[in-house]
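Sequences listed follow chains A and B, in order.
Using my numbering, read the first sequence as starting at 1 and increasing by one per residue.
Using my numbering, read the second sequence as starting at 378 and increasing by one per residue.
Number of protein chains: 2
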Amino acid sequence: MSETEPAATDNAARAGAILHIDLAAVQANYRALAARTNGACAAVVKADAYGLGTTRVAPALARAGATTFFTALLDEAIAVRHSLAEITPAPVVYVLNGLAAGPATDFLTHDITPALNSLGEIETWAAAARAAGRALPAAIHIDTGMNRLGLPPAEMDVLAAEPDRLSGIDVRYMMSHLACAEDPDHPLNSEQLATFTAARARLPKAPASLANSSGIFLGSAYHFDLVRPGAALYGINPTPGRSNPMKQVIHLQGKILQVREIDAPRTVGYGATHRAAGPTRVATVAVGYADGYLRSLSSCGSAWIGGQRVSLIGRVSMDLTTFDVTEVSRDATRPGALVDLIGADISADDVAESAGTLGYEILTGLGHRYHRVYSGD
Amino acid sequence: MSETEPAATDNAARAGAILHIDLAAVQANYRALAARTNGACAAVVKADAYGLGTTRVAPALARAGATTFFTALLDEAIAVRHSLAEITPAPVVYVLNGLAAGPATDFLTHDITPALNSLGEIETWAAAARAAGRALPAAIHIDTGMNRLGLPPAEMDVLAAEPDRLSGIDVRYMMSHLACAEDPDHPLNSEQLATFTAARARLPKAPASLANSSGIFLGSAYHFDLVRPGAALYGINPTPGRSNPMKQVIHLQGKILQVREIDAPRTVGYGATHRAAGPTRVATVAVGYADGYLRSLSSCGSAWIGGQRVSLIGRVSMDLTTFDVTEVSRDATRPGALVDLIGADISADDVAESAGTLGYEILTGLGHRYHRVYSGD
């Protein structure tokens, strides 16, 4: 296929690795997730769209039908707003970190909607509404067991007793966030659902939003009026332990700089942790932990070359990683040849499992030195 | 001190964390390292100057006296070259990944010097010299036991037998790289030194370079004509297990978004991994693994608030991390207050130890969402 060689551009020729991002796959994932719910489907694009590039990903999602976007930080929301300038009607862009993420005036200036996480933030936004002389939109984030962001139970009680605190606020959604949705058998899921339902009953009537990517797969009881997938849009498996219903989005290819033949008892890399057991061909690839290719992959990661799996040997270093390519043809491992670090044969989830983390961290760590190629959309 | 509050700029107010980078400390570290050797002292600025920002760090190092710079990738070298445009005479900028990092013509266009890692690269560069009608500068990288980059023993033998292969190449340095320099008792150090010395004796006479940051502390036998510190410039301890001779360079402060009071048996965060043992105050800070604050810090990291250590509880999530601030005053933990994630009380090396990695990975992972404040220089 056309991706086996770098594009003949200066940037690709000078890059240590090439990151292909399939926007059509992101769009297909959005449509597949939206089709699972009777309500609306937002798109979570925080952390630079999980490392894939907000300015390309957010417009692609808007063209696939997304009209509601979630970010964590205010500057992220402003970047999303700018990236969607051509989209009509203007999508709604939320900041999950709420008014602690920046001044209320900045939210108004850039048409950004906060998720309000406390009575204090509700008070600030209500005051901003009075000053503006109009109702201001917001989501109200209720903490139902994550204990991270959102109104704690005591503040919920106050709000239920004094609903006028919401005066001037156009409550678009009552929302909460699931802590264990990736494990459908975890008892906290149904506890959070019950807590959320009980809280809604005590508050002024408003649409509701609870489910993240994995929450969508917990069933329609969790869907309410808006689901908020993030990771699944980008190909991460929302149903760990079962087959992945999402399309793969990224393909990361590292460039071989050099191949050497070594024999026992020679060692490879920092700390001399890998000792050759016999004649070995070692390929040095121009990707390292400075690219987000985690150092915890040392001695346990793998990659693929032309349908063959190769083992990562020694330690991942800052800019370089070494693989045992003894079993791969010399032609496929010449300097300049590309190795699949993430792709059809090895997903971001697979890499994460080797590294002892989640696919989410593999995506958000994707390096800024990669030459990025977008397709689709 | 003045750093306890964010600067009153829009960017700082909207950031989840503020990263202070002390360029005067980088310069002091450069001078201290240079003072330890009778030869020259280069500055390694690959990986965006170990995450601290090449465009600010490289000129500061040049003003401190550095005239030789090392990068990994060609695009990094070009960025360094641009950042040093005002410095005279023009510093020398090397690319460690050699001619596999990009076309020889790009090296010439941007006045970048390759470290040549193989006979093939020597042949390419010699041909470029013939085409240019002048000698072209290069370093020759000899592999002495790292087995990652550089001429392997068999190619060394060829070069020793056929030194004319270097015709047209102005060999500025014969260089190699130490695999275990951070462990002064590792036998590979003296083996590499002996191999390097023997190799030099068989090749045309040229200045030599072997020591990285830790190698400088192995003693003058390792210094040769040029030392190449990287991590130590940025405050990482080049002598692990002993006191750190370098000045701390970075101070990372995360912003508290919200504080909540919980009691047993409530849990905190994803996977409900942390269960409160009793009344607990939990602060949610706007930093997560998308900022390079590694997920492996989950349940084992720590931070400091006003001289008090606080424990990271639960899992690090993408944009948020939670700390137990039960013992800290309410005033010091109000929303908007700053928590020291890296600083005087907790170094990048300390964070790395909790995360099971090296300070190098903490630095190169430093997030692009941080509001960066440079001082000194």
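Even for Gly, the Cβ is constructed at its ideal location relative to N, Cα and C.
Because the structure is a prediction, the values reported are computed rather than measured.
(request) Note down, in chain order, every chain B residue with its Cβ under 7 Å from the Cβ of A13 of chain A. (result) Counting from one through the first sequence, the residue named residue 13 of chain A turns up at place 13. Correct list: G479, P480.
(request) Please determine, among B:P436, B:V645, B:Q685, the residue with the shortest C-alpha to C-alpha distance to G691 of chain B. (result) Within the second sequence, numbered from 1, the residue matching residue 691 of chain B stands at position 314. For G691 of chain B, the nearest C-alpha among the options comes from B:V645.
(message) My assumption, with CB atoms under 8 Å, is that A503 of chain B sits in contact with G545 of chain B. Please give the rounded CB distance.
(response) Within the second sequence, numbered from 1, the residue matching residue 503 of chain B stands at position 126. Within the second sequence, numbered from 1, the residue matching residue 545 of chain B stands at position 168. Contact between A503 of chain B and G545 of chain B is confirmed by a C-beta separation of about 5 Å, below the 8 Å threshold.
(request) Please compile the residues from chain A whose C-beta is within a distance smaller than 9 Å of the C-beta of D483 of chain B. (result) Taking the second sequence and counting its residues from 1, one reaches residue 483 of chain B at position 106. Below the 9 Å Cβ cutoff, chain A contributes D10, A13, R14 as neighbours of D483 of chain B, in chain order.
(message) Mapping the DSSP letters down to three states, classify V26 of chain A as helix, strand or coil.
(response) Taking the first residue of the first sequence as position 1, residue 26 of chain A is located at position 26. In the structure shown, V26 of chain A sits in a helix (DSSP, three-state: H, G or I).
(request) Determine contact between the region 308-327 of chain A and the region 271-283 of chain A, defined as no fewer than three beta-carbon pairs at a distance below 8 Å. (result) yes
(request) To the nearest angstrom, report how far apart G345 of chain B and S731 of chain B are at their CA atoms. (result) This structure leaves residue 345 of chain B out entirely; chain B is present only between 378 and 754.
(request) For S752 of chain B, I'd like the list of residues in its chain whose CB is within less than 6 Å of its CB, leaving aside the five on either flank, ordered along the chain. (result) The residue you call residue 752 of chain B lines up with position 375 of the second sequence. Only D399 meet the Cβ criterion.
(request) Going by DSSP, name the residue or residues bridged to D304 of chain A. (result) Taking the first residue of the first sequence as position 1, residue 304 of chain A is located at position 304. A small fix is needed here, since residue 304 of chain A is Trp in this sequence, not Asp. W304 of chain A pairs with A:R309, A:D340.
(message) Please report the straight-line C-alpha distance between R195 of chain A and G145 of chain A, rounded to a whole angstrom.
(response) As a first step, residue 195 of chain A must be located in the first sequence, where it is residue number 195. As a first step, residue 145 of chain A must be located in the first sequence, where it is residue number 145. Correcting the residue identity first, residue 195 of chain A is Thr in this sequence and not Arg. Each residue's Cα considered, the two are about 8 Å apart.
(message) Quick check: A12 of chain A and Q248 of chain A, are their CB atoms within less than 8 Å of each other?
(response) Within the first sequence, numbered from 1, the residue matching residue 12 of chain A stands at position 12. Within the first sequence, numbered from 1, the residue matching residue 248 of chain A stands at position 248. Not in contact: A12 of chain A and Q248 of chain A (Cβ atoms no closer than 8 Å).
(request) Please list the partners that D319 of chain A has in chain B, where partner means a Cβ-to-Cβ separation under 8 Å. (result) The residue you call residue 319 of chain A lines up with position 319 of the first sequence. Result: K423, A424, A449, L450, L473, N474.
(message) Quick check: is the beta carbon of P207 of chain A nearer than 8 Å to any beta carbon in chain B?
(response) For the purposes of this step, residue 207 of chain A is taken as residue 207 along the first sequence, with counting starting at 1. Output row for P207 of chain A: interface = no.
(request) Please classify I593 of chain B: does DSSP put it in a helix, a strand, or coil? (result) In the second sequence, residue 593 of chain B corresponds to position 216, counting from 1. Looking at I593 of chain B - three-state DSSP - the assignment turns out to be helix.
(request) Would you give the residue range spanned by the alpha helix (DSSP H) that R749 of chain B belongs to? (result) Numbered from 1 along the second sequence, position 372 holds the residue referred to as residue 749 of chain B. R749 of chain B -> not in any alpha helix (DSSP H); beta strand (DSSP E) instead, spanning 748-752.
(message) Count Cβ pairs between the region 104-122 of chain A and the region 46-65 of chain A that sit closer than 8 Å; are there 3 or more?
(response) no
(request) Might you give, ordered along the chain, the residues of its own chain that have their beta carbon closer than 7 Å to the beta carbon of Y611 of chain B, omitting 5 neighbours on each side? (result) Counting from 1 along the second sequence, the entry for residue 611 of chain B is found at position 234. Excluding residues within five positions, the ones whose Cβ falls inside 7 Å are V403, Y427, L429, V626, L740.
(request) Taking only beta carbons into account, state which residues of the region 620-644 of chain B come closer than 9 Å to chain A, listed in chain order. (result) Residues are counted here when their Cβ sits less than 9 Å from a Cβ of chain A; for the region 620-644 of chain B these are K632, I633, L634, Q635, R637, E638, I639, R643, T644, given in chain order.
(message) Restricting to Cα atoms, I'd like to know which of B:V535, B:L536, B:V472 is closest to P514 of chain B.
(response) Position 137 of the second sequence, counted from the start, is the residue given in the question as residue 514 of chain B. Among B:V535, B:L536, B:V472, the Cα nearest to that of P514 of chain B is on B:V472.
(message) By the three-class DSSP mapping on this structure, what secondary structure does G545 of chain B have?
(response) Translated into positions along the second sequence, residue 545 of chain B becomes position 168. Three-state DSSP puts G545 of chain B in coil, outside helix and strand.
(request) Name the two residues that bound the continuous alpha helix (DSSP H) containing G736 of chain B. (result) Reading the second sequence from its first residue, position 359 is the one you call residue 736 of chain B. 736-741 is the span of the alpha helix (DSSP H), which, as asked, contains G736 of chain B.
(request) Evaluate P468 of chain B with the Cβ neighbour count: other Cβ atoms within 10 Å of its Cβ, from every protein chain shown; 16 or more gives buried, anything less gives exposed. (result) One-based indexing of the second sequence puts residue 468 of chain B at position 91. Label assigned to P468 of chain B: buried.
(message) With H, G and I counted as helix, E and B as strand and the rest as coil, what does DSSP make of E380 of chain B?
(response) The count along the second sequence starts at 1 and reaches residue 380 of chain B at position 3. Caution applies to E380 of chain B, whose pLDDT of 38 falls short of 50 and renders its modelled position unreliable; the value that the coordinates give is listed next. Helix, per DSSP.
(message) If I follow the unbroken alpha helix (DSSP H) through T501 of chain B, where does it start and stop?
(response) Your numbering for residue 501 of chain B matches position 124 in the second sequence. That run of the alpha helix (DSSP H) goes 496-509.
(request) Can you pull the chain A residues whose beta carbon is under 8 Å from the beta carbon of L526 of chain B, in chain order? (result) The residue labelled residue 526 of chain B in the question sits at position 149 within the second sequence. Chain-ordered, the chain A residues with CB closer than 8 Å to the CB of L526 of chain B read L257, Q258, T284, L320.
(request) Check whether the Cβ atoms of L188 of chain A and A649 of chain B lie closer than 8 Å to each other. (result) The sequence position of residue 188 of chain A within the first sequence is 188, counting from 1. The sequence position of residue 649 of chain B within the second sequence is 272, counting from 1. Going by C-beta atoms, L188 of chain A is nearer than 8 Å to A649 of chain B.
(request) Could you tell me the distance, in whole angstroms, from the CA atom of L536 of chain B to the CA atom of A286 of chain A? (result) Here residue 536 of chain B is taken as the residue at index 159 of the second sequence, counted from 1. Here residue 286 of chain A is taken as the residue at index 286 of the first sequence, counted from 1. Straight-line Cα distance between these residues: approximately 25 Å.
(request) Please go through the same chain and pick out, in chain order, the residues whose beta-carbon is closer than 8 Å to the beta-carbon of P265 of chain A, but skip the five residues on each side of it. (result) Against the first sequence, residue 265 of chain A aligns to sequence position 265. The residues are R275, A276.
(message) Out of A:E155, A:H223, A:R202, A:R14, which one is the CA nearest neighbour of H177 of chain A?
(response) In the first sequence, residue 177 of chain A corresponds to position 177, counting from 1. Nearest of A:E155, A:H223, A:R202, A:R14 to H177 of chain A, Cα basis: A:H223.
(message) Check whether chain A comes within 8 Å of G655 of chain B, counting only Cβ atoms and requiring the distance to be less than that.
(response) On the second sequence, residue 655 of chain B is found 278 positions in, with the first residue counted as 1. With 8 Å as the cut-off, G655 of chain B does not count as an interface residue toward chain A.
(request) For S118 of chain A, go through chain C and note every residue whose CB falls closer than 7 Å to its CB, in chain order. (result) Going by chain labels, chain C is absent from the structure shown, which instead holds the protein chains A and B.
(request) Would you identify the three-state DSSP class for H20 of chain A, choosing helix, strand or coil? (result) For the purposes of this step, residue 20 of chain A is taken as residue 20 along the first sequence, with counting starting at 1. The answer is strand: DSSP assigns H20 of chain A an E or B state.
(message) If I follow the unbroken alpha helix (DSSP H) through Q760 of chain B, where does it start and stop?
(response) The displayed coordinates of chain B run from 378 to 754. Any statement about residue 760 of chain B would go beyond what the structure contains.
(request) Note down, one range per segment and in chain order, each alpha helix (DSSP H) of at least 4 residues found wholly within the region 30-72 of chain A. (result) Listed in chain order, they are 46-50, 54-63.
(message) Just checking: is the beta-carbon of G753 of chain B within a distance shorter than 8 Å of some beta-carbon in chain A?
(response) Along the second sequence, one-based indexing puts residue 753 of chain B at 376. At a cut-off of 8 Å between C-beta atoms, G753 of chain B does not count as an interface residue with respect to chain A.
(request) Please list, in chain order, all residues of the same chain as Q386 of chain A whose beta carbon is under 8 Å from its beta carbon, the five residues on each side excluded. (result) In the structure displayed, chain A extends from 1 to 377; residue 386 of chain A sits before or after that span and is not available.
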